[in-house]
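Report on the structure given below.
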């Protein structure tokens, strides 16, 4: 069995079963092979231990299906994998749908860490399907449409890892997204008031998951690298920006507009500006704990500054009009 403290992905892909590629195509009973393969997919996605021999056997099964004669069964395998992942994520959603609010972030993050790592492993296991079927399918689709349309559109057929991320987003995140974001914003709001959440790593991890589902990458030349690039051309932070960042920036701006009103009532202009700088620096440090670096820069340039500035301009304009009457 795999050593419990060792990263399973590194162990299993350290010496991929290349001998499988030397075997010739053969006739395959798809239902029989898939019947043996599907339970292993779920086991891997749940991070259950697996022997190297079992891993190699499943790798061979994927290869045999993809090169089967009289014709490859890659399309059928892809469809079956999609259904398998959908069923798995649906079962996870059913577990988390009724979790109490005070446990939702912890439960989601725990579930996400397992799913994300498991999806990476399965992505590697189905590497031949990704290279042989998915990439060739997308190449054909790309030739059939104009270059500009190809640039804008997501492919219908995606590598298994990207497919797993999309299914997670659609079937698990989106149904509970409002609850998640409300809890995240509330926790960050409490931090601003000095009530530091005990689960800061969980909050940061949940926010990071919104990025990770679009930043999944498989780079054959870097077997253990899981980077930050999509295999199709789409803004890689689109979901993160729409689902979380926009609301985070709006709530930050609203908070500092209210704070500006309180500070300006009790301070001179010079003291007020000192307080603005201090608050801005504190917010940037705090944000760096939770959100992406791009969001941190936006906090400084937009949310805090504009929140303070908008109120100051309004206040000064009001005073000018009032005293000119």
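In full-length UniProt numbering, the protein residues as written are 1 to 325.
We put the beta carbon where it would ideally sit given N, CA and C, even for glycine.
Taking C-beta separations shorter than 6 Å and ignoring five residues to either side along the sequence, the partners of residue 112 in its chain run 209, following chain order.
Secondary structure of residue 42 (DSSP, three-state): helix. If you look at residue 277, you'll find it in the alpha helix (DSSP H) that goes 269-290.
In its chain, beyond the 5 residues on either side, 28 have a beta carbon closer than 6 Å to the beta carbon of residue 68.
Note on geometry: alpha-carbon atoms of residue 201 and residue 53 lie some 36 Å from one another.
Following the DSSP letters along the chain, one finds residue 87 inside the alpha helix (DSSP H) bounded by residues 74-96. Out of 97, 104 and 294, the CA that lies nearest to the CA of residue 237 is found in 294.
When Cβ pairs closer than 8 Å are counted between the two stretches, the stretch 99-117 is seen not to touch the stretch 55-70, the count staying below three.
In the structure shown, the three-state DSSP call for residue 199 is coil. Across the structure, residue 298 and residue 119 are spaced so that their CA atoms are roughly 32 Å apart. It is roughly 7 Å from the alpha-carbon of residue 190 to the alpha-carbon of residue 196. Residues of the same chain with a CB within less than 6 Å of the CB of residue 38, apart from the 5 flanking positions on each side, are 84 in chain order. By the criterion of at least three beta-carbon pairs nearer than 8 Å, the stretch 165-185 is not in contact with the stretch 120-140.
Counting of Cβ neighbours within 10 angstroms places residue 94 among the exposed residues, the total staying below 16.
Close CB contacts of residue 96 within its chain, under the 8 Å cut and outside five residues either way in sequence, are with 104, 107, 108, 111, 172 and 176 (chain order).
Using a Cβ distance threshold of 8 Å, residue 286 and residue 181 do not count as a contacting pair. From the listed residues 77, 207, 59 and 276, the smallest Cα separation to residue 253 is found for 276. Within the same chain, 65, 66, 129, 132 and 133 come within 8 Å of residue 74 by CB-CB distance, once the 5 residues on both sides are set aside. In the three-state reduction of the DSSP assignment, residue 237 falls in the coil class. Annotation: the continuous alpha helix (DSSP H) that includes residue 124 extends over 101-125. Between the C-alpha atoms of residue 30 and residue 43 there is a straight-line separation of about 20 Å.
Here residue 115 really is in contact with residue 168; their C-beta atoms are around 6 Å apart, less than 8 Å.
Taken through DSSP and simplified to helix, strand or coil, residue 173 comes out as helix. For residue 54, the enclosing alpha helix (DSSP H) covers residues 52-66. The continuous alpha helix (DSSP H) containing residue 161 extends over residues 160-168. Rounded to the nearest angstrom, the gap between the Cα atoms of residue 55 and residue 40 is 9 Å. For residue 181, the three-state secondary structure derived from DSSP is helix. If you check the CB distance, residue 203 and residue 256 do not come in under 8 Å. Taking the C-beta atoms as reference points, residue 184 is found no nearer than 8 Å to residue 213.
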